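S.K.:
In the working numbering, the protein residues as written are 16 to 144.
Here is the structure:
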């Protein structure tokens, strides 16, 4: 009985499987045009944006040494919209929707988002200076 309960509990809570390599590919495809291939805010489209893209390699530095999971997740998935874009950031935010998985914030709070956002976040965390 205990074994069955363990299996049921494991199946009911999604595991956080991050794939930074897949995140890098997603970044190259969906984000690099504004944020640059190295995520430093210098992509080829940056000059035409009202608000310049930020250097995403300094997120941890700007948040007192803690990678801002909640901020990154909510900005990518559209819960924290970037008004200067005139729409969700990214404008193809629908791509990042899907079956929810759980990430944990620095305080340990769970936050739901999609697998592509988790993968992007893993790559962004790996390129922090």
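For every residue, glycine included, the Cβ atom is placed at its ideal position computed from N, Cα and C.
For clarity, every value in this text was computed on a predicted model and none was experimentally measured.
At which residues does the alpha helix (DSSP H) containing residue 135 begin and terminate?
M.R.: The residue given as residue 135 occupies position 120 in the chain shown. Counting along the chain, the alpha helix (DSSP H) containing residue 135 begins and ends at 130 to 141.
S.K.: According to DSSP, is residue 121 part of a helix, a strand, or is it coil?
M.R.: Counted from its first residue, the chain shown places residue 121 at position 106. Residue 121: coil per DSSP, three-state reduction.
S.K.: To the nearest angstrom, how far is it from the Cα of residue 123 to the Cα of residue 82?
M.R.: As a first step, residue 123 must be located in the chain shown, where it is residue number 108. As a first step, residue 82 must be located in the chain shown, where it is residue number 67. Answer to the nearest angstrom: the Cα atoms are 13 Å apart.
S.K.: In whole angstroms, what is the alpha-carbon distance linking residue 119 and residue 59?
M.R.: Here the question's residue 119 lines up with position 104 in the chain shown. Here the question's residue 59 lines up with position 44 in the chain shown. The straight-line gap from Cα to Cα measures roughly 33 Å.
S.K.: I'd like to know whether the C-beta atoms of residue 130 and residue 116 end up nearer to each other than 7 Å.
M.R.: Working through the chain shown from its first residue, we reach residue 130 at position 115. Working through the chain shown from its first residue, we reach residue 116 at position 101. Cβ atoms of residue 130 and residue 116: closer than 7 Å.
S.K.: Per DSSP, what are the beta-bridge partners of residue 116 in this structure?
M.R.: Against the chain shown, residue 116 aligns to sequence position 101. Note: residue 116 sits in a beta bridge opposite 128.
S.K.: Which of helix, strand or coil does DSSP assign to residue 65?
M.R.: Along the chain shown, one-based indexing puts residue 65 at 50. Note: residue 65 maps to coil in three-state DSSP.
S.K.: For residue 87, report the span of its alpha helix (DSSP H) as first-last.
M.R.: On the chain shown, residue 87 is found 72 positions in, with the first residue counted as 1. That run of the alpha helix (DSSP H) goes 84 to 91.
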